[in-house]
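Heads up: the structure comes next, in structure tokens.
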Amino acid sequence: MSAPGEAPPAAGPGTEATLLIGDVRLVDAHRDTPAGWVLAGPAGILDVGAGPAPEVPAGCQQIAGAGRMLTPGLIDMHSHGGGGGSFDGDAEQIRTALSATATHGVTRSMLSLVTGSAPDTAAALASIAALANSTADPAAPEGPAAAGAGIIGVHLEGPCISPHKAGAHDPALMQTPSTQLIDRFAEAGDGWLRYITIAPELPGALTAIQHAADRGIRMGVGHTIADYATTRAAFDAGATILTHAFNAMPGIHHRDPGPLIAALDDDRVTIELILDGVHVVEPVAAHLWRSCPGRLALITDAMSAAGFGDGSYRLGGLAVTVAGGVARLTGTDTIAGSTLTLDAALRRAAHLGVGLQEAVGAATHVPAASLGLGDRHGLLAPGQSADFVLWDDDMHIAGVWRDGCQLSRGEIR
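Per the UniProt record's numbering, numbering through the sequence shown is continuous, rising by one, with the last residue being 413.
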């Protein structure tokens with residue numbers, strides 16, 4: 001980091017300065033700099049500093065932040081789509097969803113798939129891998145995680161989950177976990193399968209968790225009826241995420257603490273939270289946040305209706321009706337994903353009284369670190385990706401950049 005007014009280090013080959021955002025409040029999980037600047041190129045952030053911005057080469061785009069807040073780009077590690085597009089659809093639908101979420105500050109997305117048959121799941125993984133590989137930068141330091149479309153991987157929310165906590169998943173398609181099934185999905189995903197949710201009480205689950213973790217795949221406990229001891233065993237086997245806390249799992253009981261207390265007791269575990277006021281009411285969300293500082297990841301679990309409106313949709317093979325912004329399986333009271341956007345989740349966190357740095361970290365650095373991408377995404381620091389969100393005074397989006405290129409423009413003047 002350069003001192004105030006100090007010239008940044010010279011850019012090397014492939015790291016030419018193309019973007020300077022100045023006169024901004026820099027906020028991430030590790031910093032809150034009231035007045036500063038960031039200098040970036042396509043390969044990432046070149047330098048960050050406090051005070052007046054330095055002189056830059058001719059041709060470098062300069063954005064005057066007018067004292068507004070600049071954060072890293074938001075990372076949604078659990079989303080099924082948005083803007084009318086679904087991540088289990090074709091390439092056009094996936095692009096539609098990614099474009100829609102970008103308008104809400106999301107620069108990197110984990111594409112979540114609900115339970116399908118093994119052949120259909122493998123085919124969906126292969127299709128996403130082909131799209132991601134077609135937009136990836138082969139020279140990027142983290143390999144296949146650097147996609148021009150902002151794809152950081154695929155999350156399988158099934159099929160190895162409990163039919164007793166099916167939620168918006170078809171119980172008829174659920175399967176018993178095995179190392180062979182993990183390998184089949186991993187091979188179909190061509191390096192893009194990064195995260196799987198599993199019910200650890202299923203036969204063979206602990207072996208599957210360890211096998212997947214050994215392959216570098218993050219494992220989450222969710223859609224489960226596991227007790228405290230079984231959940232702790234899953235974490236010891238290599239699971240490191242609790243999938244959407246409180247939802248599709250036993251609650252906390254004074255004689256049966258369940259998965260959530262097991263996750264709170266284990267500092268290795270990242271805890272997902274859908275902060276929409278529907279999945280988890282705000283007083284409970286506030287208690288959860290205070291119980292796991294630095295380990296809570298804001299997610300949307302959004303389906304295609306997010307940012308698109310009420311109506312009839314599909315999630316996987318199931319019909320969903322969205323009314324009043326709440327998605328439910330058609331004809332039932334079962335919640336079917338959310339219509340939450342990640343910028344709205346951040347605003348709601350502020351209403352809970354969560355500190356600004358911690359709230360921003362929960363939508364940037366925490367998910368990046370939990371997925372093994374923290375050395376590249378989620379902070380405002382040299383070497384990190386040139387992903388930024390500029391916010392107005394009401395915490396709404398004023399501008400979004402990914403890899404130094406502007407994706408969305410709000411009220412920048």
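The beta-carbon is built from N, C-alpha and C at its ideal position, and this holds for glycine as well.
R218 in three-state terms, based on DSSP: strand
Could you tell me if Q384 is buried or exposed, where buried requires 16 or more neighbouring beta carbons within 10 angstroms of its beta carbon? buried
Have a look at the DSSP bridge pairing and note the partners of Q175. According to DSSP, Q175 shares a beta bridge with no other residue.
L380 vs I128 beta-carbon contact at 8 Å: no
4 or more residues per run - each alpha helix (DSSP H) lying fully within the region 100 to 171: For secondary structure counted as the alpha helix (DSSP H) over 4 or more consecutive residues, the region 100 to 171 holds these complete runs in sequence order: 118 to 135.
Given a threshold of 16 other Cβ atoms within 10 Å of its Cβ, counted over all protein chains shown, does G83 qualify as buried or as exposed? Burial is judged here by how many other beta carbons sit within 10 angstroms of a residue's own beta carbon; G83 has at least 16 and is buried.
Whole beta strand (DSSP E) runs in the region 328 to 398 with 3 or more residues, listed along the chain? 388 to 391
Assuming E282 is part of the alpha helix (DSSP H), what are its boundary residues? 282 to 291
In its own chain, which residues sit with a C-beta less than 6 Å from the C-beta of S291, not counting the 5 before and 5 after it? L264
Below 8 Å, can you find three or more Cβ-Cβ pairs linking the region 207 to 221 to the region 168 to 185? In this structure the region 207 to 221 lies against the region 168 to 185, because at least three pairs of beta carbons, one per stretch, are closer than 8 Å.
Tell me whether R232 is buried or exposed, calling it buried when 16 or more other Cβ atoms sit within 10 Å of its Cβ. buried
When you compare the CB positions of L371 and R194, do they come within less than 8 Å of one another, or not? yes
Report all residues from its chain with a CB closer than 6 Å to the CB of A386; omit the five preceding and five following residues, and keep chain order. A40, G44, I45, D403, G404
Quick check: what's the CA-CA separation for L342 versus V278? 15 Å
In terms of residues, what are the limits of the beta strand (DSSP E) holding S34? The question names Ser, but residue 34 in the sequence shown is Pro. Residues 32 to 41.
Just how far apart, CA to CA, sit L125 and M303? 18 Å
Would you identify the three-state DSSP class for D183, choosing helix, strand or coil? helix
According to DSSP, which residues form a beta bridge with Q61? Paired residues: L19.
Less than 8 Å between the beta carbons of R68 and L390, yes or no? yes
Quick one, are the C-beta atoms of D170 and G317 less than 8 Å apart? yes
I need the boundaries of the beta strand (DSSP E) containing R314, first residue and last residue. 311 to 315
Determine the contact status of A362 and L298, defining contact as a CB-CB distance below 8 Å. Closer than 8 Å, so yes.
DSSP state of G49 mapped onto helix, strand, coil: The DSSP-derived three-state label of G49 is strand.
For H279, which of helix, strand or coil comes out of DSSP? coil
Counting Cβ pairs closer than 8 Å, one from the region 51 to 69 and one from the region 87 to 103, do we hit at least three? no
Among G325, P259, V154, which residue has its Cα nearest to the Cα of P200? P259
Quick check on H211: does DSSP put it in helix, strand or coil? H211 falls in the helix class under three-state DSSP.
Rounding to the nearest angstrom, what Cα-Cα distance links G238 and M219 in this structure? 7 Å
With a 10 Å radius around its C-beta and 16 neighbouring C-beta atoms as the bar for buried, classify A172 as buried or exposed. Exposed: under 16 other Cβ atoms inside 10 Å.
Tell me the residue span of the beta strand (DSSP E) that contains R194. 193 to 198
Segment contact, 8 Å Cβ cut-off, at least three pairs: the region 148 to 157 with the region 109 to 125: yes
Residues near E142 by beta carbon distance below 6 Å, same chain, minus five either side: Because the pLDDT of E142 is 41, which lies under 50, any placement of that residue in the model is unreliable, and the number read from its coordinates should be weighed accordingly. For E142, where only same-chain residues beyond five positions count, the Cβ hits under 6 Å are R376.
What residue range is occupied by the uninterrupted beta strand (DSSP E) comprising I271? 270 to 274
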